[in-house]
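As numbered in the numbering used here, residues 42 to 138 make up the sequence shown, in order.
Yeah, the Cβ is synthetic: ideal placement off N, Cα and C, and Gly gets one too.
Predicted model, so just to flag it, every value in this text is computed and none were measured.
In what follows, a single structure is set out as structure tokens and then discussed.
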Amino acid sequence: MYVGTLSFDLLLGDVRSLKEKRSVVRPIVAELHRKYAVSVAEVGDQDLYRRARIGLAVVSGDVGHLTDVMDRCERLVAARPEVELLSVRRRLHGDDE
């Protein structure tokens, strides 16, 4: 069994309130969950309206499949025009750890 995690640090575009922030972050979280069946949530910077931290986790029996899903998730977030992807932290955990 392998577990992969991604943490995205995002800078939001023209956002002036926490309500506007939710209208940007929630669709990204929902799309990641719907398209790739990953566990995903906003995990940090909840009090800052121009920054967001999104975390996700994937479980798979095949490391190749796990890497493919994580790559697709990263490309989806990077392609969103309303956010700037500042950094991505990727971790891979296996049975041997």
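Just to confirm my understanding: we take Arg94, look at its own chain, exclude 5 residues before and 5 after, and list those with CB closer than 8 angstroms. What are they?
Ser48, Phe49, Asp50, Leu51, Glu83, Val84, Gly85, Asp86
Can you grab the Cα-Cα spacing for the pair Leu89 / Leu59, in whole Å?
7 angstroms
Residue from Glu61, Arg63, Leu117 with nearest C-alpha to Lys76:
Leu117
Thinking just about the alpha-carbon of each residue, which of Cys114, His106, Asp103 is nearest to the one in Leu97?
Cys114
CB Tyr43 to CB Asp136, shorter than 9 angstroms?
yes
For Gly102, which of Val70, Leu133, Ser64, Arg121 has the nearest alpha-carbon?
Leu133
Nearest to Arg91 (by Cα), restricted to the options Leu127, Val70, Ala78
Leu127
Where His106 and Ala78 are concerned, what is the direct C-alpha to C-alpha distance, given to the nearest angstrom?
13 angstroms
Distance CB(Leu53)-CB(Val65) smaller than 9 angstroms
yes
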